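Chemist: Numbering-wise, the sequence shown is residues 6 to 220 according to the numbering used here. For glycine and all other residues, C-beta sits at the position ideal for the given N, C-alpha and C. Here the structure is a predicted model, which means the values were calculated and not measured. Let me give you the structure first, and then I'll get to my questions.
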Amino acid sequence: MKLPKILAFANQKGGAGKSTGAAHAAEWLSKQGHSVTLVDADGQQSSSVWLKEIGLPYQVISDPETLFEALPKLSDEFDIVIVDGPGSLSEVTKAILARCDLVLVPSRDSIIDLRSTGKILQFIRHAKELRGGMPKAAIFLNAVSKGSVLLREAQEALGDSLVPLMETVIYDRQCIKDAPGQGSTVFGMRGKPAKDAAANYEALFDEAVRFFNGK
Ligand SMILES: Nc1ncnc2c1ncn2[C@@H]1O[C@H](COP(=O)(O)OP(=O)(O)O)[C@@H](O)[C@H]1O
Ligand SMILES: [Mg+2]
């Protein structure tokens, strides 16, 4: 199956799970033998510090025009470019949406968080209109507690065929929270909780790739 050349994580809401998703996607793809770089487009630079510790290539680019020009060049140099989006709706977000092939929108599983995705979804719809349907886009629920009943509600609240909700949810796990402090992701951590979390991320990324391929 084809992989997206430029994969972005976007949502203006801080704490949604963009940097965590981006770092995990980078390590997952790298472990499969792909050459990967991460572009940290967030002024907070949390994912670039993390990637440095993991030992994977990264760049920090938070100027929208520079980003717009750099993304295609990086995608020539690397198999896959992961973009960690900013915690704002801005020209940076527009530059990312103008260039990426697939954008994943993490959201916490509360109604308040889900509603706040409306604005990024609007940006995505506009980008799709300008680019003839690109980028492909999907939402996923992140840091879901076991036993949460929100999934069906979430599906009803969102119900957007242009930007569907992915079936796989990422559960709330302490080892995911601990990963950056250990200079690792759950893919490089020992123990059963980390293995379970790794399988969880793998299922999400597999679903994202299938979705990207229209399957
Ligand atoms: N699935 C999860 N389980 C537990 N903690 C999580 C999970 N996803 C993210 N976190 C934690 O939530 C916080 C915010 O996540 P982060 O990826 O930095 O969000 P964003 O980049 O969207 O601002 C971080 O402390 C991170 O470790
Ligand atoms: Mg972040």
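Please name the residue, chosen from Glu96, Leu135 and Phe210, that lies closest to Ile144 on a Cα-to-Cα basis.
Modeler: Sequence index remark: in the sequence shown, residue 144 carries index 139 (1-based). It is Phe210.
Chemist: Flag this pair as yes or no: are the beta carbons of Gly90 and Ala15 separated by less than 9 Å?
Modeler: Position 85 of the sequence shown holds residue 90. Position 10 of the sequence shown holds residue 15. Yes, these two residues count as a Cβ contact at 9 Å.
Chemist: Would the C-beta of Ile117 count as close to ligand 1, meaning under 8 Å from any of its heavy atoms?
Modeler: Within the sequence shown, the letter at position 112 stands for residue 117. The answer is no for Ile117.
Chemist: From His131 to Val110, what does the alpha carbon distance come to, in whole angstroms?
Modeler: As a first step, residue 131 must be located in the sequence shown, where it is residue number 126. As a first step, residue 110 must be located in the sequence shown, where it is residue number 105. If you take the alpha carbons of His131 and Val110, they lie about 15 Å apart.
Chemist: Specify, as a first and last residue, the run of the alpha helix (DSSP H) that Ser35 falls within.
Modeler: If you number the sequence shown from 1, residue 35 lands on position 30. Unbroken alpha helix (DSSP H) run through Ser35: Lys23 to Lys36.
Chemist: For Val154, does the three-state DSSP call read helix, strand or coil?
Modeler: Stepping through the sequence shown from its first residue, residue 154 is reached at position 149. In this structure, Val154 counts as coil in the three-state DSSP scheme.
Chemist: Using a threshold of 8 Å, is the CB atom of Asn147 nearer than that to any non-hydrogen atom of ligand 1?
Modeler: Walking along the sequence shown from the start, residue 147 turns up at place 142. Indeed, a heavy atom of ligand 1 lies less than 8 Å from the Cβ.
Chemist: Below 8 Å on the Cβ atoms is my contact criterion, and I expect Leu79 with Val108 to pass it. Report the Cβ-Cβ distance as a whole number of Å.
Modeler: Numbered from 1 along the sequence shown, position 74 holds the residue referred to as residue 79. Numbered from 1 along the sequence shown, position 103 holds the residue referred to as residue 108. Leu79 to Val108, Cβ: 16 Å. No contact.
Chemist: Beta-carbon separation of Ile87 and Val41 under 9 Å?
Modeler: In the sequence shown, counting from the first residue as 1, residue 87 sits at position 82. In the sequence shown, counting from the first residue as 1, residue 41 sits at position 36. Cβ atoms of Ile87 and Val41: closer than 9 Å.
Chemist: Closest by CA to Lys141, which one among Arg120, Leu126, Glu74 and Ser24?
Modeler: One-based indexing of the sequence shown puts residue 141 at position 136. Nearest option by C-alpha distance: Leu126.
Chemist: When the Cα atoms are used, what is the spatial distance from Arg215 to Ala202?
Modeler: Translated into the one-based positions of the sequence shown, residue 215 becomes position 210. Translated into the one-based positions of the sequence shown, residue 202 becomes position 197. Arg215 and Ala202: Cα-Cα distance of roughly 20 Å.
Chemist: Is the beta carbon of Asn147 less than 9 Å from the beta carbon of Val174?
Modeler: Translated into positions along the sequence shown, residue 147 becomes position 142. Translated into positions along the sequence shown, residue 174 becomes position 169. A contact, by the Cβ cut-off of 9 Å.
Chemist: Going by CA-CA distance only, name the one from Cys180, Gly188 and Ala184 that's closest to Pro198.
Modeler: The residue you call residue 198 lines up with position 193 of the sequence shown. Here the closest residue by C-alpha is Cys180.
Chemist: Less than 8 Å between the CB of Lys18 and some heavy atom of ligand 2, yes or no?
Modeler: Residue mapping note: residue 18 aligns to position 13 of the sequence shown, counting from 1. Lys18 Cβ: outside cutoff for every heavy atom of ligand 2.
Chemist: Give me the Cα-Cα distance between Leu94 and Gly152, rounded to the nearest whole angstrom.
Modeler: Against the sequence shown, residue 94 aligns to sequence position 89. Against the sequence shown, residue 152 aligns to sequence position 147. Whole-angstrom Cα-Cα distance: 32 Å.
Chemist: Please report the distance separating the alpha-carbon of Trp33 from that of Glu207.
Modeler: For the purposes of this step, residue 33 is taken as residue 28 along the sequence shown, with counting starting at 1. For the purposes of this step, residue 207 is taken as residue 202 along the sequence shown, with counting starting at 1. Rounded to the nearest angstrom, the two C-alpha atoms are 8 Å apart.
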